[in-house]
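*Asks:* Chains as they are written, first to last, in this note's numbering: chain A, 1209 to 1735; chain B, 648 to 746. Beta carbons: idealized from backbone N, C-alpha and C, even for Gly.
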């Protein structure tokens, strides 16, 4: 049996249900309107009279080996409470020590997002009662000296235009534990494996530049790409290592003041980001149209039902009682350190895409697909530098290799075909050793066995048939079909396709189509 | 002069999950106002030329190498909890986010 409240101390945590029933907290919390049922006809057309603004908060767990302030492993999954120690359990007498790689990854990300770096950065305690952190506070960065400030991300919209989304801050904090809910227990269970995992928060500027659900999705996609390129995060939204939390608000067209924003959680995919914001904007409009007030609160996205559900009424900033963390002294960066970090940044996706277009004359769409995954982009460039034709290599990667890799559920770069052997394959097609049709078969063999293109061609005898051999096949086909030849001579040129097909069949794809055309024409003329 | 009203003190109490009786509220309101009066006195000092300080020690942080080391065995970690669920392997807390 657990005691949730004693006579003069309420140990309850915030949830709407508690807020309504907790006599201590209730006087300070506005009443909560019910979640409205939405029916499409109410909104059609109405959306037009409202403007949507979306502040974006993104949290990314950093790709470190250990936690932020202790040496417990930073990993996903595993048995509950098997990665904890006195530091991340918040036991008395322990002191936190910064993880150098976590700091480095935030600095790199901030630089990639064109931020200014605070050369002296400090940490704060964010105090709240919620059992997800055993200390009773979260170490975070508050105020005007987070690691990064004043940055931006450029997003590319569907119409090809670019929009700049300003970023106000990039800071470092610690992740919280996870609660395990089990029906009928009457209590929750905490797993602190994730407590203290280094977490980076990236917040967009106010007033928000993101003005639609689609722009929010594009922003999230672009940001994820940057995080992956920098190597700061694995970007797995479905595992929660990248959490996108939009704060949408709506206001009537022509109104200057922004509406009350709500915060959206549980968005586990880019699609959910877009759908969640669309729904939430409509829900807010419905409330306003019904003469109600939008409540500043956290809503969770229920992907199955396609609705947002009120989770908890948010504490205001003051209620978190931030103060400088006395256990952590400030970090000062040397200018050389920042320059080293800057120099170590890889070329980012957007720059790489533009370079692929100008340097390799690739269509924009192909370049965009290639750079969407850094490993694939690197694979492409290695194949090109190994002598592969830029256009042909792109086609093979985006076509056959993507098909083979997705069939095997692995990354292209993780397969047995190396960039060098792919380059070799494109050369054998270009110099006429094999036809494109045969090349597909060769690639499949290469994918399975890891052999070079030449090895496969030789082993299976796939070289293009010489002109003499094709001429022999043509002669045989022409001799076998005098009726068709007669038709052609009679003016029905279309049926030549039949003869060509017969030769192709005979040659098993190893004859060049233009060789067949030329030889077939000669043979018919002579017949 | 900065002062707090009883309702401010009740709000601060609620943030700490402490319910206050009217007598306690009255006493604490006076005490908090005494404290604020002291801060007002400090505010009379001219600190225009003194840089803001976030920490009492004039040193900067050393960073730790990112190496994972063994954690506590789970039974040891859980032994500090007032109530634990051995089946789920976790610390028992009041139900969060009911339904």
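For residue 1333 of chain A, is the classification buried or exposed, using 16 other Cβ atoms within 10 angstroms of its Cβ as the cut-off for buried?
*Replies:* Buried, by the Cβ-count rule.
*Asks:* Please state if the CB of residue 1454 of chain A and the CB of residue 1493 of chain A are separated by a distance shorter than 8 Å.
*Replies:* No, the Cβ-Cβ distance between residue 1493 of chain A and residue 1454 of chain A is not below 8 Å.
*Asks:* Could you round the C-beta distance between residue 1586 of chain A and residue 1606 of chain A to whole angstroms and report it? I think they count as a contact, below 8 Å.
*Replies:* The Cβ separation is near 15 Å, so there is no contact.
*Asks:* Residues of chain A with CB under 7 Å from residue 691 of chain B, in chain order?
*Replies:* What residue 691 of chain B touches in chain A: nothing, since even the nearest Cβ is about 23 Å away.
*Asks:* For the region 1636-1654 of chain A against the region 1663-1681 of chain A, are there 3 or more C-beta pairs whose distance is under 8 Å?
*Replies:* Yes, the region 1636-1654 of chain A touches the region 1663-1681 of chain A.
*Asks:* What do you reckon, are the CB atoms on residue 1596 of chain A and residue 1630 of chain A nearer than 8 Å?
*Replies:* Yes, the pair counts as a contact, with Cβ atoms nearer than the cut-off.
*Asks:* Quick check on residue 1442 of chain A: does DSSP put it in helix, strand or coil?
*Replies:* Reduced to three states, the DSSP call for residue 1442 of chain A is coil.
*Asks:* For the pair the region 1410-1425 of chain A and the region 1359-1371 of chain A, tell me if three or more CB-CB distances fall below 8 Å.
*Replies:* Verdict: yes, contact present.
*Asks:* Counting only C-beta atoms, is residue 1302 of chain A closer than 8 Å to chain B at any point?
*Replies:* For residue 1302 of chain A, the answer is no, since every Cβ of chain B falls outside 8 Å of its Cβ.
*Asks:* Kindly list the residues whose CB is nearer than 6 Å to the CB of residue 1267 of chain A, restricted to its own chain and excluding five residues on each side of it in sequence; keep chain order.
*Replies:* Here the set comprises 1407, 1409, 1451.
*Asks:* Counting only beta-carbon separations shorter than 8 Å, does residue 1293 of chain A have a partner in chain B?
*Replies:* Output row for residue 1293 of chain A: interface = yes.
*Asks:* State the Cα-Cα distance for the pair residue 650 of chain B and residue 1539 of chain A, rounded to the nearest angstrom.
*Replies:* Their backbone Cα atoms lie some 36 Å apart in a straight line.
*Asks:* Just tell me which of A/1376, A/1683, A/1375, A/1402 has its CA closest to the CA of residue 1386 of chain A.
*Replies:* The shortest C-alpha separation from residue 1386 of chain A is found at A/1402.
*Asks:* Report the neighbours of residue 719 of chain B on chain A: residues whose CB is nearer than 7 Å to its CB, in chain order.
*Replies:* 1292, 1293, listed in chain order.
*Asks:* Considering only residues of the same chain and omitting the five flanking positions on each side of residue 1600 of chain A, which have a CB-CB separation below 6 Å?
*Replies:* Taken in chain order, the residues that qualify are 1634.
*Asks:* Alpha carbon to alpha carbon, how far is residue 1529 of chain A from residue 1282 of chain A? Give it in angstroms, no decimals.
*Replies:* Each residue's alpha carbon lies about 28 Å from the other.
*Asks:* CB residue 1655 of chain A to CB residue 1624 of chain A, shorter than 8 Å?
*Replies:* Yes. Within cutoff.
*Asks:* Using a Cβ-Cβ distance cut-off of 8 Å, determine whether residue 1481 of chain A contacts chain B.
*Replies:* Answer no: the Cβ-Cβ gap between residue 1481 of chain A and chain B never drops below 8 Å.
*Asks:* Closer than 7 Å by beta-carbon distance: list the chain B residues that pair up with residue 1394 of chain A, in chain order.
*Replies:* By Cβ distance, chain B contributes 742.
*Asks:* Since residue 702 of chain B is in the beta strand (DSSP E), which residue starts that stretch and which ends it?
*Replies:* First-last for residue 702 of chain B: undefined, no H or E at that position.
*Asks:* Strictly by DSSP, which residues pair up with residue 1509 of chain A?
*Replies:* Per DSSP, A/1516.
*Asks:* Terminal residues of the continuous alpha helix (DSSP H) containing residue 1314 of chain A?
*Replies:* Unbroken alpha helix (DSSP H) run through residue 1314 of chain A: 1308-1320.
*Asks:* Are the region 698-716 of chain B and the region 1356-1364 of chain A in contact at 8 Å, needing three or more beta carbon pairs?
*Replies:* Cβ pair count under 8 Å is below three, so no.
*Asks:* Have a look at residue 1315 of chain A and residue 1549 of chain A and give me their C-alpha separation to the nearest angstrom.
*Replies:* Approximately 7 Å between the Cα atoms of the pair.
*Asks:* Going along chain A, which residues have a C-beta under 7 Å from residue 727 of chain B?
*Replies:* The contacting residues are 1297, 1299.
*Asks:* Please name the residue in A/1556, A/1470, A/1533 whose C-alpha comes closest to that of residue 1516 of chain A.
*Replies:* Closest by alpha carbon: A/1470.
*Asks:* For the beta strand (DSSP E) containing residue 1645 of chain A, list its first residue and its last residue.
*Replies:* No beta strand (DSSP E) holds residue 1645 of chain A; the alpha helix (DSSP H) holding it covers 1644-1657.
*Asks:* Taking C-alpha atoms, which residue in A/1404, A/1636, A/1400 lies nearest to residue 1380 of chain A?
*Replies:* Nearest C-alpha to residue 1380 of chain A: A/1404.
*Asks:* For residue 1443 of chain A, count neighbouring C-beta atoms within 10 Å of its own C-beta (all shown protein chains included) and say buried if the count is 16 or more, exposed if not.
*Replies:* It counts as buried.
*Asks:* Can you tell me which of the three DSSP states residue 1568 of chain A falls into?
*Replies:* Residue 1568 of chain A falls in the helix class under three-state DSSP.
*Asks:* Quick one, which residues of the region 687-714 of chain B are near chain A if we go by CB-CB under 7 Å, in chain order?
*Replies:* Per Cβ criterion, the list reads 701, 702, 704, 706, 707, 708, 710, 711, 712, 713, 714.
*Asks:* Taking the alpha carbon of residue 1345 of chain A as the reference point, which residue from A/1353, A/1331, A/1351 has its own alpha carbon closest?
*Replies:* Of the listed residues, the one whose Cα sits closest to residue 1345 of chain A is A/1331.
*Asks:* Determine the extent of the beta strand (DSSP E) in which residue 1715 of chain A is found, giving its start and end residues.
*Replies:* Per DSSP, residue 1715 of chain A belongs to no beta strand (DSSP E); it is in the alpha helix (DSSP H), 1704-1715.
*Asks:* Is any heavy atom in the ligand GTP found nearer than 7 Å to the beta carbon of residue 1295 of chain A?
*Replies:* Because no ligand of any kind appears in the structure shown, any question about the ligand GTP cannot be addressed here.
*Asks:* Alpha carbon to alpha carbon, how far is residue 1329 of chain A from residue 1636 of chain A? Give it in angstroms, no decimals.
*Replies:* Spanning the two alpha carbons is a distance of roughly 57 Å.
*Asks:* Would you mind working out which of A/1567, A/1707, A/1572, A/1613 sits nearest residue 1584 of chain A, comparing C-alpha positions?
*Replies:* Here the closest residue by C-alpha is A/1613.
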